[in-house]
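When you read off a place in the sequence shown, starting at 1, and then add 156, the result is the number in this note's numbering.
I have placed the structure first, in the form of structure tokens, so that the comments after it can refer back to it.
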Amino acid sequence: MSKTYAIAAGAVVVALLGGTFLATQMNGSDDVFAQCRASTAAAGAIGGPFELVDENGVTVTDQDVITEPTVIYFGYTFCPDVCPLDNMRNAQAVEILDDEGLEVTPVFITIDPERDTVDVVRDFTENFHDRMIGLTGSAEQVRAASQAYRTYYSKQESEDEYYLVDHTTMSYLVLPEHGFQEFYRRDVTPEQMAESVACFAQAAERAG
Numbered sequence: 157m158s159k160t161y162a163i164a165a166g167a168v169v170v171a172l173l174g175g176t177f178l179a180t181q182m183n184g185s186d187d188v189f190a191q192c193r194a195s196t197a198a199a200g201a202i203g204g205p206f207e208l209v210d211e212n213g214v215t216v217t218d219q220d221v222i223t224e225p226t227v228i229y230f231g232y233t234f235c236p237d238v239c240p241l242d243n244m245r246n247a248q249a250v251e252i253l254d255d256e257g258l259e260v261t262p263v264f265i266t267i268d269p270e271r272d273t274v275d276v277v278r279d280f281t282e283n284f285h286d287r288m289i290g291l292t293g294s295a296e297q298v299r300a301a302s303q304a305y306r307t308y309y310s311k312q313e314s315e316d317e318y319y320l321v322d323h324t325t326m327s328y329l330v331l332p333e334h335g336f337q338e339f340y341r342r343d344v345t346p347e348q349m350a351e352s353v354a355c356f357a358q359a360a361e362r363a364g
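Spelled out as structure tokens, the structure:
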């Protein structure tokens, strides 16, 4: 991890903690998802509208994509190890939930639109789950989506096209009508993620 990335990641954590305090003060005991939370995530402080291009070349918004419980990951297809492992974990969690009768959408948003074209993103997501939605777009569209979810990414200097990109590696649970609710670090197992997502989804259903 580069020094710059470590500093930026620290800033993200501070922002999340600050947002958590604010959300707690605002929500009080009215948080219908309180029993599901395991992180310091701040509901309402992360997430928001975005406009991107899906793997069929169609421009879509967050409302088109988030129609059921959704797990969003920001990464890039040329990532040598972290992104494939994280997306495989997310897909495995979705498969566990499939077996339990709960449908969840896994989403991959590239932070490397220069290389991640529609075709490249489609080939990538097809390796993980048939319902995984891959999203790319212009540099401005990708930056706006990343900023909405408070994620960090930075292209490393390189003399050729084989550059790496430092980036946030958390996955984000977003619910229709409720927005962002939880994030999952890399050490969360598929089983743990599935259990958590199910808790949130069931709480949302009870809340109506």
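Note that beta-carbon positions come from the ideal geometry of N, C-alpha and C, so glycine has one too.
Given the structure is predicted, the values throughout are model-derived calculations rather than measurements.
Beta-carbon proximity of residue i to residue j, cut-off 8 Å
| i | j | result |
| --- | --- | --- |
| A301 | I265 | yes |
| Y229 | N212 | no |
| T281 | T226 | no |
| Y318 | Q312 | no |
| V221 | V274 | no |
Enclosing alpha helix (DSSP H) for residue i [first to last residue]
| i | result |
| --- | --- |
| V353 | P346 to A363 |
| V298 | A295 to A304 |
Residues of its chain near residue i, where Cβ-Cβ distance is below 7 Å and the 5 sequence neighbours each way are ignored
| i | result |
| --- | --- |
| E207 | T215, T217 and Q297 |
| A354 | L253, E256 and L258 |
| P346 | R245, Q248, A249 and I252 |
| D272 | Y232, T233, T266 and T292 |
| T325 | V238, D242 and R342 |
Where the beta strand (DSSP E) containing residue i begins and where it ends
| i | result |
| --- | --- |
| Q337 | G335 to Y340 |
| H323 | V321 to H323 |
| T292 | I289 to T292 |
| S310 | Y309 to K311 |
| S327 | S327 to L331 |
Nearest to residue i (by Cα), restricted to the options the options
| i | options | result |
| --- | --- | --- |
| F234 | S352, E333 and D322 | D322 |
| G293 | P240, P236 and V209 | V209 |
| P240 | G204, P205, Q219 and V277 | V277 |
| S327 | V238, A190 and D187 | V238 |
| I304 | P205, M349, V188 and A190 | The question names Ile, but residue 304 in the sequence shown is Ala. Comparing Cα positions, the closest option is P205. |
| F195 | T223, D220 and M349 | First, the residue type needs correcting, since residue 195 is Ser and not Phe in the sequence shown. It is M349. |
| Q219 | V330, H285, R362 and Y340 | V330 |
Proximal residues to residue i (C-beta, below 6 Å), its chain only, five neighbours per side dropped
| i | result |
| --- | --- |
| D268 | Y232 and V321 |
| S310 | D322 |
| G335 | G203 |
| T307 | F230 and T324 |
| F189 | Q337, F356 and A359 |
| G364 | none |
Cβ shell of residue i (< 8 Å), same chain only, five flanking positions each side left out
| i | result |
| --- | --- |
| C192 | Q337, E338, S352, C355, F356 and A359 |
| T223 | T261 and P332 |
| I289 | D210, E211, V221, T261, P262, V263, F264 and T281 |
| P134 | A query on residue 134 cannot be resolved here, the shown segment of the chain reaching from 157 to 364 and no further. |
Worksheet item: Where in the segment 193-275 do unbroken runs of the alpha helix (DSSP H), each at least 4 residues long, occur, reported from the N-terminal end onward?
Response: You should have 218-221 and 238-255.
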